[in-house]
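Residue numbers (our numbering), protein chains in the order written: chain Z, 1 to 564; chain B, 1001 to 1118; chain P, 2001 to 2502.
Following this line, the structure appears as structure tokens:
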């Protein structure tokens, strides 16, 4: 039976009670206190399997507490707390409850000890999160939300199919390390891959995240993808194909991020790219690499949330997050600018910021295992991260040419949330050892060596030099109001077009068939009319004649049945 | 976007404290100074390569200024490649509308637009 | 009370109550009290029988012989028990809801409505507990006839036309195919009794089995297998409680229940599995599942959309039978319960929306969710259950049916269930999303910086239109956790040789 209080229940209970608490500061306080209690609960949980019970003959384990699940549980709770502070002024009951449910299901999923529990929470995150998109309450957000939901639940049903095949094959629903090979493991792998935004399965993310509400995007950016990282780390650590998938993921979104106009979408592409680093780490699969993946997930949740918060604050004050509309906000929103720059420095792995102490573990691991080309690609990807998130986002929002906008500084709650997140980014960067202590394996890694610092600074300042040179020469692509075609074009334009043409083809054929058969029927009726009609030759014998005929048919039928 | 939002003449008294300090950046000469400082820093970093013994896995890492060159050319290449890519991929903002948020205004009632002049 | 008497009572009690209903024509409160009391009494009797069945007994009641070997007999086995419990339990909910709906909507001829309703329940009990195909067929036809006036209730031209299509297809298929199949079965097997393992093994040339199965599959028109599905959308002209009865409680359920009975007790799962006689049916059911979902997406009328959803969802059960595996039968049986609970919720919500606003088209319902949050909340939960998401009952249906498909080695059928889930989202959740988030009906309290707006402006339908769907929505949630009880009940049928130990 349940011997520990599962943290997800706390969130569910919180979500259920929230509507009854007066809307305003009391409710916001209640919501924000849930993740704080959750941190305490997770911190106090002893390692091992807890919360086991049986449902229709299946052994379910609600709480598998080990270092891997604990660190994800902690960072999810922490990020939920920061997100809820950022959303302190949201008065929409649906958003409030769904934020809590979303965090709760994600935390439930990382502690799930078997595939069935994982599936339950996996689908839970899909359902709860879509409300943060719909809550924008526009036609576009409605459609985006539908697309998002279908992809997310699609990932869930693929997972379910994988589980079914797995169960049919092995009779086990345990969620342990798997080896790719059977259709079952491939299905589970792809299900994880959809939520992890593997290349070509990634479109839901740049589609949906920028469409969510100001606060919704911050919360969305935390959970779903990192849950997938957790699941891959748990199930497929050391699977070589992940290295190549991850490397592709790390460069593919870069180009889109550079030419994208909507800064929240730029950040989404950059999030996708950061996931690529983590996926490479899982693929390499050594202790150092997995530590790097988890540390990077931890750090990236924070700096990515910080970046989304700062651009969210700009959107909140100006009504737009488009680079072409913004610029010159540093004078009126200086604190937001500073926090954005801290986030940018973290994602760019500046020494003393969080990205520096986490990303380098993955790079070192790939180097140690001899994946030199992958290492080179990741270095290239780091350049991308610096260009689009390190420079582009803060530069075009807060500097560049003056847009004429003079918004007020962000409200206190947003500043507080950003300030706390920014402090964490710096704290981790300056003194990473508490974070290292939380990692699943012992860390024997010193991030601050002369070589590492100097080479990293060389990279960063020369990235910056390239940016300056290209800006000055006008080669850097200007920010334009536009959308860029991504793979989602296939199902948003191509697919519907094919369906439309097939449908009109079927309608034409169907119409012709119906027309032909109606003409045939008319002809038949007319012939019958001539024979059996009031003036027809058979009409004279109608009563007895047809009676006999029908009886004969019936008898024939029965006889036929008898002889069969 | 409402036009009254745009009030380019800024009264420094209305700026937050940090914003007033940052007015220093309004002067283009100061921006140029930052860029010169960047040049100096870059030169210094290449020079730094000669002053310590690098711990390296690959021979290529030992070339002085390898990271600097890699950084510069990779960023330049990716920006140029992205620019070329845009030629093929760019579409109008209304391309997917009405089933897309790109061409929509963010709902006013979820914003708190305030300017420093309010 | 002896089990025999109890069985007889379940069939006769609702029928007998019609006399009282007629007598209280002019006293609506008394009339409704009779309906509720009968429903309650019936449910209690059935629960008593359930205990007997769970103890391992199979009580029987013999009425009379028509011919030697051909009799009106009832015998309760687990599948019928499950169907009986669901139908009688939901009858209580539907009766409550009917009171709210019929009064809220000021419908005429309410006494006739309640009388036909009671007869339909009688017939449903007869179908659930029938011991042989003959008895089942008799009550099958009674059910068709008794629901005809319900479908035509509004007495408009559209209602009469819809009811004619309803009656026409159901009667034609049952006489034209099902009766022929029954006669054929009688001729070759010499009996029509439902027996574990079937009665046809070694009695008929296996090459003819698919044809006999086809006569049954299409003859059971109530199962709405394509292409004989048109009666179901046609019957949407009926008042919403009737739609609930048709979809969730009685008619369509009776159809797929008959399919299950025929598959398990006439043919026998082993016979179907070894001869592959049901392979074609599997593909047809899969086609029905997907095609009906696609059609549902194109329907703007909420009830029409739900009707096509039913066609799709109930083909799950046919597919479960056609997979010819124990797990498929288990999944099909569980789907009877899960779909009943989910779909009745959806229909009652659709009715509540109609009573409150007189809107039938989804495109007119933008923003209604904020005005009717309880109705829409219940709809949301029911929809999630139909889609098959945890923690709602419908998730187990998918789980067992997919396991059944995997067990039968039909990977494509696993994919069919996956795609079906996604299509369900595409046609069910727009109602919820547009209801809560689109349009500008009612005050909105969601501004980030805005003052706290009071949540007023909730204008729900009458109480008894809203409470029943909320109850069944909670039922969907409970079924997820209590599916084990259904499993235990069905286990002897699905796994006659004991539970598989994987």
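C-beta atoms are modelled at their ideal positions from N, C-alpha and C, and glycine is treated no differently.
- Using a CB distance cut-off of 8 Å, residue 485/Z counts as an interface residue toward chain B.
- Taking 8 Å as the CB threshold, residue 2414/P lines the interface with chain Z.
- According to the DSSP assignment, residue 64/Z belongs to the beta strand (DSSP E) that extends over 58-65.
- Residue 334/Z and residue 319/Z have their C-alpha atoms spaced approximately 18 Å apart.
- The beta carbon of residue 2197/P lies closer than 6 Å to those of 2268 in the same chain, with the five residues before and after it left out.
- For the pair residue 2362/P and residue 2270/P, the CB atoms are not nearer than the 8 Å cut-off.
- Two segments are said to touch when three or more pairs of C-beta atoms, one from each, lie closer than 8 Å; by this definition the stretch 2403-2417 of chain P does not touch the stretch 67-76 of chain Z.
- Between the stretch 238-251 of chain Z and the stretch 374-383 of chain Z there are three or more C-beta pairs closer than 8 Å, enough to call the two in contact.
- Taking 8 Å as the threshold, the shortest C-beta distance from residue 143/Z to chain B falls below it.
- In summary, residue 530/Z is exposed, with fewer than 16 beta-carbon neighbours lying within 10 Å of its beta-carbon over all protein chains present.
- Apart from sequence neighbours up to five positions away, the residues of its chain that approach residue 2356/P with a beta-carbon distance below 7 Å are 2372, 2459, 2460 and 2461, ordered along the chain.
- Sorting 14/Z, 20/Z, 222/Z and 317/Z by C-alpha distance to the C-alpha of residue 101/Z places 14/Z at the top.
- Separation of residue 224/Z and residue 355/Z (C-alpha to C-alpha, rounded to the nearest whole angstrom) is 20 Å.
- By the rule that beta-carbons nearer than 8 Å mark a contact, residue 454/Z touches chain B.
- Ranked by how close their Cα comes to the Cα of residue 2019/P, the residues 2075/P, 2040/P, 2465/P and 2115/P have 2115/P in first place.
- In the DSSP secondary-structure assignment, residue 2062/P is bridged to 2073/P.
- Closer than 8 Å to the CB of residue 195/Z there is not a single CB belonging to chain B.
- Taking residue 2080/P as the centre and dropping the five residues before and after it, the same chain places the C-beta of 2128 and 2129 closer than 7 Å to its C-beta, in chain order.
- The DSSP assignment places 1017-1022 and 1028-1048 as complete runs of the alpha helix (DSSP H) inside the stretch 1003-1071 of chain B, in order along the chain (cut-off: 4 residues).
- Annotation for residue 260/Z: 266, 269 and 484 place their beta carbon closer than 7 Å to its own, counting only its chain and skipping 5 residues before and after.
- For residue 2101/P, same chain residues with a beta-carbon under 7 Å away, outside a window of 5 residues either side, are 2239, 2240, 2241, 2351, 2355 and 2465 in chain order.
- Contact annotation: the stretch 231-245 of chain Z touches the stretch 277-285 of chain Z, with at least three C-beta pairs closer than 8 Å.
- Counting only Cβ-Cβ distances below 7 Å, residue 313/Z has no contacts in chain B at all, with the closest Cβ about 10 Å away.
- Residues of chain B whose Cβ lies closer than 7 Å to the Cβ of residue 369/Z do not exist, since the nearest Cβ in that chain is about 11 Å away.
- Annotation: the continuous beta strand (DSSP E) that includes residue 50/Z extends over 48-55.
- By a beta-carbon distance limit of 8 Å, residue 2110/P does not contact residue 2014/P. Their separation comes to about 17 Å.
- Spatial neighbours of residue 2273/P in its own chain (CB-CB distance under 6 Å, excluding positions within 5 residues in sequence) are listed in chain order as 2324.
- Contact annotation: residue 1064/B and residue 1073/B have beta-carbon atoms that are not nearer than 8 Å.
- Just measuring C-alpha positions, the residue of 438/Z, 324/Z and 167/Z sitting nearest residue 299/Z is 438/Z.
- Assignment of residue 1091/B by DSSP, reduced to helix, strand and coil, places it in the strand class.
- Of 38/Z, 147/Z, 58/Z and 424/Z, the smallest CA-CA separation from residue 163/Z is found for 58/Z.
- With respect to residue 157/Z, residue 232/Z sits apart: the two C-beta atoms are not nearer than 8 Å.
- Between residue 353/Z and residue 346/Z, the C-beta spacing is below 8 Å.
- Secondary-structure assignment with DSSP links residue 2193/P through a beta bridge to 2132/P.
- Sequence-ordered contacts of the stretch 159-172 of chain Z with chain P read 160, 161, 164, 165, 167, 168 and 171 [C-beta pairs closer than 7 Å].
- Cβ contact annotation for residue 2326/P (same chain, cutoff 6 Å, sequence separation greater than five): 2494 and 2495, in chain order.
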